[in-house]
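Engineer: Can you keep this structure in mind? I'll have questions shortly.
In the UniProt record's numbering, the protein residues as written are 1 to 433.
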């Protein structure tokens with residue numbers, strides 16, 4: 001009887017211990033699941049805060065204040081009597097704009113008041129009039145109403161009025177603020193879509209600065225990178241995976257490729273500076289050199305992803321092709337490579353997205369230079385979008401803050417588009433085995 005009761009007691013203790021352990025295990029799983037959900041929520045919150053901050057600061061750069069003026073293309077003020085390239089180069093369009101401003105605000109009489117008045121309009125406004133007169137020579141001696149880009153201080157003040165009644169004055173005097181309010185009240189000052197941001201290159205004046213030169217520089221750099229890194233990376237992956245013998249040398253090559261994928265990007269910039277610029281004497285600050293440097297940086301990524309795609313092809317595909325009498329090259333290029341191509345393309349797109357966002361290696365080869373002209377080829381001096389963002393972020397002008405955030409928005413949009421295309425391409429072309 002005693003042995004039976006002890007046995008029952010022992011079974012009950014074992015059951016209680018099992019229940020306690022199960023309860024502890026379930027509790028730990030709940031805690032782990034909660035920590036996972038909390039980390040995901042924190043990451044999404046951080047991304048939301050980041051995007052909200054960037055969009056709130058950069059959305060204003062897509063609109064620009066413009067002033068409506070009635071200008072008279074007076075031959076005496078312009079100093080020309082005909083419209084040709086030589087005359088337009090020497091024409092005094094600044095005097096035409098100043099005359100229009102004085103006519104609009106005749107109360108500005110002193111020298112300081114006129115200086116304040118003339119600063120309402122951007123220093124790039126004379127080029128707008130020159131382009132209009134060049135396109136319409138019949139305007140010489142005539143009068144027309146045109147919209148001219150406002151100065152960056154005017155634009156900043158106008159945009160700040162939506163945040164507070166007084167707005168951000170900065171270098172804007174009370175008299176200048178009064179003129180701006182008069183123009184706004186009469187409808188002669190409006191915020192319009194800022195096409196300059198997408199059509200102009202860099203400029204010292206914020207209202208004239210754009211990202212076209214940086215976008216074209218990024219495009220040419222990525223074209224060079226893609227043209228070199230993709231075929232070389234795929235060829236290296238095919239050799240290592242399909243042809244190379246398994247020995248110490250191939251093991252050493254594989255280890256070095258994996259190590260190169262973790263090397264800081266600035267090291268590749270130093271390598272490009274030493275080899276491509278100092279030794280081969282290639283043009284500095286050119287997309288050609290930038291593409292060569294980024295090729296070295298993205299090659300390990302493309303090789304690793306391409307090898308993974310080749311490994312994912314079932315061995316039965318190779319065996320079936322060889323059983324039908326295909327040669328080794330026919331097996332690889334007719335059967336294995338087409339099936340592995342979706343994974344290779346995905347790796348290449350991700351590598352290009354990584355290259356698009358790089359700044360450090362390009363700083364080392366001189367792509368940090370102030371470039372105004374839009375590059376026309378891979379050997380022209382240029383900059384890229386991340387470097388342009390770096391330059392604007394270091395500028396003391398307040399109006400460059402929103403242009404920096406707007407350029408970041410454009411860069412993020414391109415990166416998201418590239419990564420989304422990689423995911424969609426993989427889903428569309430991938431085969432399940």
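Where is the CB? At the ideal position from N, CA and C, for every residue including glycine.
Could you tell me which whole alpha helix (DSSP H) segments of length 4 or greater appear in the segment 321 to 378?
Structural biologist: Fully contained in the segment 321 to 378 are the following alpha helix (DSSP H) runs of length 4 or more, in chain order: 337 to 356 and 360 to 364.
Engineer: Which runs of the alpha helix (DSSP H), 4 residues or longer, sit entirely within the segment 166 to 244?
Structural biologist: You should have 174 to 185, 196 to 199 and 212 to 238.
Engineer: Taking DSSP's pairing of strands, which residues face residue 65 in a bridge?
Structural biologist: Residue 65 sits at position 65 when you count from the first residue of the chain shown. Its beta-bridge partners are 191.
Engineer: Between 307, 98, 334 and 308, which lies nearest to residue 317 when the distance is taken from Cα to Cα?
Structural biologist: On the chain shown, position 317 is the one that residue 317 refers to. If we check each option's Cα against that of residue 317, 334 comes out closest.
Engineer: Taking the alpha-carbon positions, what's the residue 289 to residue 295 distance?
Structural biologist: As a working note, residue 289 is residue 289 in the chain shown. As a working note, residue 295 is residue 295 in the chain shown. For residue 289 and residue 295, the distance between alpha carbons rounds to 10 Å.
Engineer: Any contact of the segment 79 to 93 with the segment 129 to 142, i.e. 3+ C-beta pairs under 8 Å?
Structural biologist: yes
Engineer: Along the chain, which unbroken stretches of the alpha helix (DSSP H) at least 4 residues long are found entirely within the segment 277 to 318?
Structural biologist: 287 to 312
Engineer: On the three-state DSSP scale, how would you describe residue 383?
Structural biologist: Reading the chain shown from its first residue, position 383 is the one you call residue 383. Reduced to three states, the DSSP call for residue 383 is coil.
Engineer: Okay, do the segment 202 to 214 and the segment 337 to 350 touch, 3+ Cβ pairs below 8 Å being the bar?
Structural biologist: no
Engineer: DSSP beta-bridge partners for residue 450?
Structural biologist: Residue 450 falls outside the range modelled here, since the chain spans only 1 to 433, and no answer is possible.
Engineer: Between the segment 308 to 315 and the segment 267 to 285, are three or more C-beta pairs nearer than 8 Å?
Structural biologist: no
Engineer: Which one of 416, 146 and 35 has the shortest CA to CA distance from residue 68?
Structural biologist: As a position in the chain shown, residue 68 is number 68, starting the count at 1. Comparing Cα-Cα distances from residue 68 to each of 416, 146 and 35, the minimum goes to 146.
Engineer: Per the contact definition of three or more C-beta pairs closer than 8 Å, is the segment 251 to 259 in contact with the segment 407 to 421?
Structural biologist: no
Engineer: Quick check on this structure: which residue in 159, 59, 250 and 73 has the alpha carbon closest to the alpha carbon of residue 129?
Structural biologist: In the chain shown, residue 129 corresponds to position 129, counting from 1. Out of 159, 59, 250 and 73, 73 has the C-alpha closest to the C-alpha of residue 129.
Engineer: Just to confirm my understanding: we take residue 183, look at its own chain, exclude 5 residues before and 5 after, and list those with CB closer than 7 Å. What are they?
Structural biologist: Reading the chain shown from its first residue, position 183 is the one you call residue 183. Excluding sequence neighbours, residue 183 sits near 67 and 189.
Engineer: Hey, how far is the Cα of residue 308 from the Cα of residue 232?
Structural biologist: On the chain shown, residue 308 is found 308 positions in, with the first residue counted as 1. On the chain shown, residue 232 is found 232 positions in, with the first residue counted as 1. Approximately 16 Å, taken between the alpha carbons.
Engineer: So residue 175 and residue 113 are in contact, right, with Cβ under 8 Å, and what is the actual spacing, rounded?
Structural biologist: In the chain shown, the residue the question calls residue 175 occupies position 175. In the chain shown, the residue the question calls residue 113 occupies position 113. Confirmed, Cβ separation roughly 7 Å.
Engineer: From the DSSP output, in three-state form, read off residue 148 for me.
Structural biologist: By one-based count along the chain shown, residue 148 stands at place 148. Looking at residue 148 - three-state DSSP - the assignment turns out to be strand.
Engineer: Are there three or more Cβ pairs, one per stretch, closer than 8 Å when the segment 226 to 244 is compared with the segment 385 to 404?
Structural biologist: no
Engineer: Contact defined as beta carbons within less than 8 Å: I believe residue 382 pairs with residue 217. What is the distance between those atoms, to the nearest angstrom?
Structural biologist: The residue you call residue 382 lines up with position 382 of the chain shown. The residue you call residue 217 lines up with position 217 of the chain shown. Contact flag correct, Cβ pair sits at about 3 Å.
Engineer: When burial is assigned at 16 or more other CB atoms within 10 Å of the CB, is residue 155 buried or exposed?
Structural biologist: The count along the chain shown starts at 1 and reaches residue 155 at position 155. Taking a 10 Å sphere around the C-beta of residue 155, we find 16 or more other C-beta atoms and assign the residue as buried.
Engineer: Using the three-state DSSP reduction, which class does residue 121 fall into: helix, strand or coil?
Structural biologist: Walking along the chain shown from the start, residue 121 turns up at place 121. Three-state DSSP puts residue 121 in a strand.
Engineer: Determine the extent of the alpha helix (DSSP H) in which residue 162 is found, giving its start and end residues.
Structural biologist: By one-based count along the chain shown, residue 162 stands at place 162. It is not in any alpha helix (DSSP H) - residue 162 carries neither H nor E in the DSSP assignment.
Engineer: Buried or exposed: which applies to residue 268, given that a residue is buried once 16 or more other Cβ atoms fall within 10 Å of its Cβ?
Structural biologist: Locating residue 268 in the chain shown gives position 268, counting from the first residue. With 16 or more other Cβ atoms within 10 Å, it is buried.
Engineer: Judging by CA-CA distance, which residue of 62, 117 and 420 is the nearest neighbour of residue 346?
Structural biologist: Stepping through the chain shown from its first residue, residue 346 is reached at position 346. Comparing alpha-carbon positions, the option among 62, 117 and 420 lying closest to residue 346 turns out to be 420.
Engineer: Throw me the rounded Cβ distance for the residue 287 and residue 221 pair, which I believe falls under 8 Å.
Structural biologist: In the chain shown, counting from the first residue as 1, residue 287 sits at position 287. In the chain shown, counting from the first residue as 1, residue 221 sits at position 221. With a Cβ gap of about 4 Å, residue 287 and residue 221 count as contacting.
Engineer: Using the Cβ count rule (16 or more neighbours within 10 Å means buried), how would you classify residue 250?
Structural biologist: As a working note, residue 250 is residue 250 in the chain shown. Flag for residue 250 reads exposed.
Engineer: Within 10 angstroms of its Cβ, does residue 164 collect 16 or more other Cβ (buried), or is it exposed?
Structural biologist: As a first step, residue 164 is located in the chain shown; it is residue number 164 there, counting from the start. With fewer than 16 Cβ atoms within 10 Å of its Cβ, residue 164 is classed as exposed.
Engineer: If you draw a straight line from the C-alpha of residue 374 to the C-alpha of residue 180, how long is it?
Structural biologist: In the chain shown, the residue the question calls residue 374 occupies position 374. In the chain shown, the residue the question calls residue 180 occupies position 180. Their backbone Cα atoms lie some 33 Å apart in a straight line.
Engineer: Using a Cβ distance threshold of 8 Å, determine whether the segment 117 to 136 contacts the segment 88 to 96, with at least three qualifying pairs required.
Structural biologist: By the criterion of at least three beta-carbon pairs nearer than 8 Å, the segment 117 to 136 is in contact with the segment 88 to 96.
Engineer: Would you kindly check if the distance between the Cβ of residue 101 and the Cβ of residue 117 is under 8 Å?
Structural biologist: Taking the first residue of the chain shown as 1, we reach residue 117 at position 117. Taking the first residue of the chain shown as 1, we reach residue 101 at position 101. A contact, by the Cβ cut-off of 8 Å.
Engineer: Look up residue 268 in the DSSP assignment and say whether it is helix, strand or coil.
Structural biologist: The residue labelled residue 268 in the question sits at position 268 within the chain shown. Helix at residue 268.
Engineer: May I have the straight-line CA-CA distance separating residue 208 from residue 198, to the nearest angstrom?
Structural biologist: Translated into the one-based positions of the chain shown, residue 208 becomes position 208. Translated into the one-based positions of the chain shown, residue 198 becomes position 198. When rounded, the distance between both Cα atoms is 10 Å.
Engineer: Quick check on this structure: which residue in 53, 392 and 369 has the alpha carbon closest to the alpha carbon of residue 380?
Structural biologist: Residue mapping note: residue 380 aligns to position 380 of the chain shown, counting from 1. The shortest Cα separation from residue 380 among 53, 392 and 369 belongs to 369.
Engineer: How would you label residue 214, buried or exposed, when you count the other beta carbons within 10 angstroms and need 16 or more for buried?
Structural biologist: As a first step, residue 214 is located in the chain shown; it is residue number 214 there, counting from the start. By the 10 Å Cβ count, residue 214 comes out buried.
Engineer: Please check the pair residue 88 and residue 144, which I expect to be a contact at CB under 8 Å, by giving their CB distance rounded to whole angstroms.
Structural biologist: As a first step, residue 88 must be located in the chain shown, where it is residue number 88. As a first step, residue 144 must be located in the chain shown, where it is residue number 144. So it is not a contact: roughly 17 Å between Cβ atoms.
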